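*Asks:* Going by the numbering used here, the sequence shown opens with residue 174, and the numbers climb by one from there.
Glycine residues also receive a C-beta, built at the ideal position from the N, C-alpha and C atoms.
Since we're looking at a predicted model, the values are computed, not measured.
Please read through the structure below; I'll follow up with questions.
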Amino acid sequence: MAEPAASQERVLVIGGGWAGISAAVELSRQGVPVTLLEAARQLGGRARCVAFDHQRVDNGQHLMVGAYTAMLRLLEEIGVTEEAAFLRQPLELHMRALRQPELRLRARNLPAPFHLAMGLATARGLSPRDRLQLMRFSRRLLANKIQLEQDITVQALLLGERQGVRVTRALWEPLCLAALNTGIAEASALLFLEVLQRTFSGEASRSDLLIPRQDLGVLLPEPAMDYIERHRGRVELNRRIESLQIDAEGCQGVTWRSGHMAARKIILAAHPVMCRRLLSGHSALQSIAEQLGQLRQEPITTIYLRYPDDVDLGSPMQGLQDGLGQWIFDRRIAGHPGLIAVVISGRGEHLQMDNPALGGHICMELARLHPDWPAPLAIRVLREKRATFAACADVARLRPGPVTPVPGLFLAGDFTDTGLPATLEGAVISGQRAAAAALS
Ligand SMILES: Cc1cc2nc3c(=O)[nH]c(=O)nc-3n(C[C@H](O)[C@H](O)[C@H](O)COP(=O)(O)OP(=O)(O)OC[C@H]3O[C@@H](n4cnc5c(N)ncnc54)[C@H](O)[C@@H]3O)c2cc1C
């Protein structure tokens with residue numbers, strides 16, 4: 174255990190998603206006692222377990238990359254080794270299609286940046302012109318030559334970088350939706366460039382895909398809870414905080430339906446919609462509440478299909494260029510042979526379909542790609558309506574930092590100004606920053 178910090182004051186963390194867990198672990202690591210209050214019956218927030226067909230699965234399929242270094246360090250701190258947590262494999266994008274040629278791009282086993290350069294040079298499914306434009310763009314990106322004075326949309330960025338229609342449709346649109354959960358016509362070029370830089374510059378291993386070997390709802394929450402409790406902390410589930418008690422001196426505590434808890438230091442790590450509700454009653458926090466009110470929320474839909482155990486996608490993940498489904502995952506590696514997850518980020522016509530119609534449509538798309546597969550035994554559609562904030566151009570002005578005008582009150586969450594889109598890595602970084610601010 175680390176040396177106890179100078180301040181032994183107990184810190185309250187509200188919200189047990191990855192941001193709140195990260196803050197609580199960091200404080201525990203520094204010897205500060207924490208109480209983590211979570212409204213739900215389980216930790217995990219937007220990366221939690223749900224039941225499907227007698228098994229536990231994640232509420233949505235997540236994908237991580239080697240550049241998620243803060244997340245890997247957090248897992249290591251609580252005793253979860255990377256080998257136990259993930260299958261690591263070099264980036265491979267296999268963009269399948271129902272009606273068009275496929276696109277296939279594989280990072281090579283070479284030191285950076287040759288792993289990417291070689292991967293682009295040998296990509297299949299692109300014209301020589303598209304390939305050249307793509308290589309030119311990546312060279313400029315890695316040499317840090319793309320400097321934007323102000324934020325623009327990803328679409329404007331791609332036009333400026335002379336990316337053709339084919340490469341935009343088959344590669345950039347799906348990558349932007351996957352990384353920012355926002356379409357290229359609105360998405361922030363600054364955030365997209367940051368993701369690309371973090372993933373493709375530096376060591377080649379940063380662009381590796383990390384495919385979870387367990388459901389995420391188990392991977393972090395259980396060992397984290399254990400870690401916090403071993404470090405004099407407490408985790409209280411089913412604790413939905415209804416108000417923050419704040420006076421002229423700063424934070425005084427929180428209340429819930431049947432009780433309250435005093436605290437002079439609070440890290441609020443709830444979903445931004447809930448943060449806005451809790452902040453809006455306090456005049457000093459009004460402007461942050463208004464900022465959060467303008468953060469639009471975007472959905473992610475995951476369709477789980479249970480097939481017989483021997484149904485195999487042939488790789489852990491594939492893209493789909495021209496279907497409703499955007500990414501297809503084989504959950505075999507997470508101990509669910511025969512379980513296929515199809516992900517649809519953002520908005521689209523799937524939002525107008527009811528669950529049986531959407532499930533049936535996805536089933537048909539999979540049958541066209543894999544005519545040899547039998548019909549699925551069970552289907553479940555999971556819709557997360559407020560999966561992430563819309564990462565639109567200029568969204569930075571709506572993202573608050575960890576420090577608030579109220580002494581003792583700090584903010585954490587993927588929506589804070591981490592410089593990253595709403596991701597697990599961003600959530601972890603935000604928790605660590607809030608913990609550091611609470612200690613300083
Ligand atoms: C379907 C889906 C797919 C995704 N895919 C990816 C991906 O592939 N890669 C990636 O990196 N990211 C992905 N994300 C985003 C990622 O899950 C989020 O960025 C991250 O989980 C956010 O964590 P957080 O702690 O900031 O917020 P949350 O997870 O929302 O945590 C907030 C917590 O606060 C609790 N809470 C709320 N109100 C109160 C209250 N009043 N009192 C006490 N507790 C309260 C909530 O119950 C919750 O546990 C995905 C998200 C979804 C939904």
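#1: With three or more beta-carbon pairs closer than 8 Å as the criterion, would you say the stretch 322-329 touches the stretch 478-496?
#2: Out of A563, I476, P472, Q464, which one is the CA nearest neighbour of D231?
#3: Is the beta carbon of G599 less than 8 Å from the beta carbon of G356?
#4: Quick check on Y477: does DSSP put it in helix, strand or coil?
#5: Helix, strand or coil: which one does DSSP assign to A179?
#6: Give a single yes or no on whether G333 has its beta carbon closer than 7 Å to a heavy atom of ligand 1.
#7: Out of P263, L364, G217, L451, which has the shortest C-alpha to C-alpha gap to L584?
#8: What number of angstroms, rounded off, separates the C-alpha of L276 from the C-alpha of H227?
#9: Does the beta-carbon of R272 have 16 or more other beta-carbons within 10 angstroms, so that it is buried, or is it exposed?
#10: Which term fits N282, buried or exposed, when burial requires 16 or more other beta carbons within 10 angstroms of its beta carbon?
#11: Here's a check: name, in chain order, each residue in its chain whose Cβ is nearer than 7 Å to the Cβ of I461, leaving out the five neighbours to either side.
#12: Just how far apart, CA to CA, sit F373 and P580?
#13: Helix, strand or coil, according to DSSP, for G609 in the structure here?
#14: In whole angstroms, give me the CA-to-CA distance for R279 and R302.
#15: Buried or exposed for D567, going by 16 or more other Cβ atoms inside 10 Å?
#16: Do you know how far the Cα of R219 is from the Cα of T131?
#17: Do you know offhand how far L348's Cα is from I535's?
#18: Would you grab the beta carbon distance between Q336 and Q306 for me? Rounded to a whole angstrom, and I think it's under 8 Å.
#19: 8 Å is my cut-off, CB to CB: does A548 come that close to chain C?
#20: Determine the burial state of P284: buried for a count of at least 16 other Cβ atoms within 10 Å of its Cβ, exposed for fewer.
#21: According to the neighbour-count rule (16 or more other Cβ atoms, all chains shown, within 10 Å of its Cβ), is S380 buried or exposed?
#22: Among the residues of its own chain, which have a CB less than 6 Å from the CB of F310, if the five just before and after it don't count?
#23: Please confirm if the stretch 396-413 is in contact with the stretch 208-223, defined as three or more CB-CB distances below 8 Å between the two stretches.
#24: Whose CA, out of G190, G189, V205, S201, lies closest to the CA of E182?
#25: Identify the residues that DSSP records as bridge partners of L185: which are they?
#26: How close, in whole Å, do the beta carbons of F225 and P385 come, if the pair is a contact with beta carbons under 8 Å?
#27: Grab the span of the beta strand (DSSP E) containing Q425 for me, first residue to last.
#28: Assuming the contact rule is C-beta atoms closer than 8 Å, L417 and I439 should be a hit. Round their C-beta distance to whole Å, please.
#29: Which residue wins for smallest C-alpha separation from L383, given the options Q234, G298, I401?
#30: For ligand 1, I want to know if N317 counts as a neighbour, meaning its beta carbon is within less than 7 Å of at least one of the ligand's heavy atoms.
#31: Kindly examine ligand 1 and report whether one of its heavy atoms sits closer than 7 Å to the Cβ of H444.
#32: Report the CB separation of V368 from P529 in whole angstroms; it is logged as a contact under 8 Å.
#33: Please identify the residue among Q491, E463, D503 whose C-alpha is closest to the C-alpha of D482.
#34: For the beta strand (DSSP E) that contains W500, what are its first and last residues?
#35: Buried or exposed: which applies to R297, given that a residue is buried once 16 or more other Cβ atoms fall within 10 Å of its Cβ?
#36: Just checking I414 against ligand 1 - is the residue's beta carbon closer than 7 Å to any of the ligand's heavy atoms?
*Replies:* Concretely, from the data shown:
#1: no
#2: I476
#3: no
#4: strand
#5: Any reading at A179 must be qualified, since the residue scores a pLDDT of 44, below 50, and its modelled position is unreliable; no value is offered.
#6: no
#7: L451
#8: 36 Å
#9: exposed
#10: exposed
#11: L452, P573, T577
#12: 39 Å
#13: Reading the sequence as shown, one finds Ala at residue 609 and not Gly. Helix, per DSSP.
#14: 19 Å
#15: exposed
#16: No information on residue 131 is available, as it lies outside the stretch 174 to 613 that the chain covers here.
#17: 20 Å
#18: 6 Å
#19: In the structure shown, chain C does not exist; there is a single protein chain.
#20: exposed
#21: buried
#22: E334
#23: yes
#24: V205
#25: T208, I439
#26: So it is not a contact: roughly 16 Å between Cβ atoms.
#27: 423-429
#28: 7 Å
#29: Q234
#30: no
#31: yes
#32: At roughly 35 Å, the Cβ-Cβ gap does not stay under 8 Å, so V368 and P529 are not in contact.
#33: D503
#34: 500-503
#35: exposed
#36: yes
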